[in-house]
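Heads up, the thing below is written out as structure tokens.
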Amino acid sequence: MFTLLYKEMINDDFQVEKNVFVVFYSGERAKSKILKICDAFGANRYPFTDDQGKQYQMITEVLGKLSELKATIDIGQLHRDNLWQTIGYEFEQWNLLVKKEKSIYHTLNMLSLDVTKKCLVGEGWCPVFARDQIQNVLQRATMDSNSQVGAIFQVLQTKESPPTYFRTNKFTSAIQEIVDAYGVAKYQEANPGVFTIITFPFLFAVMFGDWGHGICLFLATLYFIFREKKLSRQKLGDIMEMTFGGRYVIMMMALFSIYTGLIYNEFFSVPFELFGSSAYGCRDSTCRDDSTVGLIKVRDTYPFGVDPKWHGSRSELPFLNSLKMKMSILLGVAQMNLGIVLSYYNAKFFGNDLNIWYQFLPQMIFLNSLFGYLSLLIIVKWCTGSQADLYHVMIYMFLSPTDDLGENQLFFGQRFLQIVLLLLALVAVPWMLFPKPFLLKKQHEERHRGQSYAPLQYTDDGNSFELEIDHGSHGHEEFEFSEVFVHQLIHTIEFVLGAVSNTASYLRLWALSLAHSELSSVFYEKVLLLAWGFNNVIILIIGIVVFIFATVGVLLVMETLSAFLHALRLHWVEFQNKFYQGDGYKFSPFSFALISDDEE
């Protein structure tokens, strides 16, 4: 028996290994055994004749069958490829159609039959401005379907809290998503997104103030804006998807960064005399080093931003630190006051007088008696050029309020004003704490007084009375005074401590601005200028490449993300906790446009 191993090519991707063998035997008995063995192993048997003519005929027949099988396989593969191509063209449309049908039937499963079991009844929410549009659509659907019974659209009264819906566009949607990530506004609650459109990119820019970096960020954003139609149809990665979705927020951040960079007078940490000559000069004509000998004011104040002479001088860091620290406090107090004012409008809209008299007023008094007064001192010191130590003023306002201020006095009557403000701040704390729980208890008792009585009604025979009981009412709801008081105590302590910690938290504006400026200065001086000083083209090229990568990687990516997160925290915690409950739920309408590709 001779064997031969070969591979039969079924197609280009699949191969079958077979052993070919030829058996020579003598006698019928050996033939019978061989046939049984072949059958047991499932071998294909092909008889081979001794006649040479019949051998050629058999070979011809086998070759013909092979060509027929090959043609059949080729036609099958061609048909399969055409079928796959047709399915590929139609798959997305079929998939979307199936998802639409699935979502329709999923929504229909939420409906219920009416008492007649002839129509479906469903309840849902819709925006008020969309009522007429919905009625028109229902009427058009009735006409198009030739239905004998039209759809009935009826507005129902309910005690359930409606969902919250804000109409946005591609410019405001990203800001609204930032606000909603903290919590969705309660129905008809003041929306902080209206103010966040401006305050968020502005506070970011305070920490990212460099108009050179702002221009780079702005140019990168323009790429996403000009190609938004094409990019919106593409499948982007997670990071690119977030960046593309917030392209208009980043554009605002870049524009405000250019503005604050012009105020700081920093272009990749380099100052420019864009708005005229510096107001300072050397003391005399023999002065050579105006950064070490000293400067005097020789002309009018620099019209816009920081005077370029401050950069590089020995007083640069103390001056900019003082400027940015005071500016951070002013911005923080202003934004916190805005949050408290919005709490007043919330309380006024919902008719909650207790929150106006025992939350808004004491909070406004407490915050401005301390940090509003500090902001006033900063402005007065800037306007008068006084050398008063504001740290000393604020510390001894608490420790020794009756002592004479001496050289730290900024205006007449300051000591008396400090005593009054300190007393107001002390009074504001019990004002927030005690009245509201007792008044809530009194309101509860008055609201439920007389509920144990019910009117008597005639019975059917007209001779007796029976007590009418409202089984639908919830009865007398218990008022947990201790729980309400503890809640108010926590709220009061949170605000008092938060007024201090939140104001200190705004100093991150100063800290990150300083870090950004110093990093930019280090990259410019220790990389670019150092490479320039070698007077070598290769070293200069290497220095420029390192400077570009350091600027993009650290300042334009990492610092941007850091400033973004800090601005996010200032809005979520320091601003929104003054008025924003965020305990609502978002309006999620049935819409084919909202069916995502990955939705099941």
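When we follow my numbering, the leftmost residue of the sequence shown carries the number 6, and every step to the right adds one. Ideal Cβ placement from N, Cα and C applies to all residues, glycine included.
Item: Mind checking E473: buried by the 16 CB within 10 Å criterion, or exposed?; Value: Since pLDDT at E473 reaches only 48, below the 50 mark, its modelled position is unreliable, and the value read off the structure follows with that caveat. Flag for E473 reads exposed.
Item: Find out if the Cβ-Cβ distance for the pair V189, Y590 is shorter than 8 Å.; Value: yes
Item: Only counting the same chain, and skipping five residues up and downstream in sequence, which positions put a Cβ closer than 8 Å to that of E605?; Value: Low confidence applies here, because E605 scores a pLDDT of 46, under 50, leaving its location unreliable and the question unanswered by this model.
Item: Apply the 10 Å Cβ neighbour rule to A572 and answer buried if 16 or more other Cβ atoms are within range, or exposed otherwise.; Value: buried
Item: Should L208 go down as buried or exposed, given a rule of 16 or more other Cβ atoms within 10 Å for buried?; Value: buried
Item: By the 10 Å Cβ neighbour count, where 16 or more other Cβ atoms means buried, how is P313 classified, buried or exposed?; Value: buried
Item: Which two residues bound the contiguous alpha helix (DSSP H) that contains C43?; Value: E33 to F46
Item: For W436, does the count of other Cβ atoms within 10 angstroms reach 16, so buried, or fall short, so exposed?; Value: buried
Item: For W99, is the classification buried or exposed, using 16 other Cβ atoms within 10 angstroms of its Cβ as the cut-off for buried?; Value: exposed
Item: Would K583 and G344 qualify as a contact pair, given that the criterion is a beta-carbon distance under 8 Å?; Value: yes
Item: May I have a chain-ordered list of the alpha helix (DSSP H) segments no shorter than 4 residues that lie completely inside the stretch 523-604?; Value: 542-555 and 564-574
Item: Measuring straight from C-alpha to C-alpha, what distance separates A516 and V489?; Value: 40 Å
Item: By a C-beta neighbour count over all protein chains shown, 10 Å radius and 16 as the cutoff for buried, is K41 buried or exposed?; Value: exposed
Item: Taking the alpha-carbon of A536 as reference, which of F354, V551 and S525 has the nearest alpha-carbon?; Value: V551
Item: Do you know how far the Cα of V527 is from the Cα of V254?; Value: 29 Å
Item: Which two residues bound the contiguous alpha helix (DSSP H) that contains Y170?; Value: Premise fails: Y170 is in no alpha helix (DSSP H) and is neither H nor E.
Item: Looking at the structure shown, is F421 part of a helix, part of a strand, or coil, going by DSSP?; Value: helix
Item: Candidates L335, S333, N360 and L570: which alpha carbon is nearest V346's?; Value: N360
Item: If you check the beta carbons only, do V275 and Y585 fall under 8 Å apart?; Value: no
Item: Does the Cβ-Cβ distance between G217 and F273 come in under 8 Å?; Value: yes
Item: Would you list, in sequence order, the uninterrupted alpha helix (DSSP H) runs of no fewer than 4 residues that lie entirely inside the stretch 81-158?; Value: 136-149
Item: Helix, strand or coil: how does DSSP classify K240 here?; Value: coil
Item: By the three-class DSSP mapping on this structure, what secondary structure does N24 have?; Value: strand
Item: From P440 to T407, what distance separates their C-alpha atoms?; Value: 30 Å
Item: Since Q423 contacts M402 with CB under 8 Å, what's their CB separation in whole angstroms?; Value: 5 Å
Item: Check each candidate in I543, G198 and Y269 and name the one with the smallest Cα separation from F324.; Value: Y269
Item: I need the straight-line Cα distance from C43 to H84, nearest angstrom please.; Value: 37 Å
Item: Just to confirm before moving on: does the CB-CB distance between T508 and G377 stay below 8 Å?; Value: no
Item: With contact counted as at least three CB pairs below 8 Å, one residue from each stretch, are the stretch 152-169 and the stretch 220-229 in contact?; Value: no
Item: State the Cα-Cα distance for the pair Q90 and F96, rounded to the nearest angstrom.; Value: 10 Å
Item: When the distance is taken between beta carbons, is F205 closer than 8 Å to F229?; Value: no
Item: Flag this pair as yes or no: are the beta carbons of L116 and V126 separated by less than 8 Å?; Value: yes
Item: For E278 and L322, I'd like the C-alpha separation in whole angstroms.; Value: 19 Å
Item: Report yes or no: do the stretch 234-253 and the stretch 172-188 share at least 3 C-beta pairs separated by less than 8 Å?; Value: yes
Item: I need the straight-line Cα distance from H449 to F443, nearest angstrom please.; Value: 10 Å
Item: Would you kindly check if the distance between the Cβ of G214 and the Cβ of G129 is under 8 Å?; Value: no
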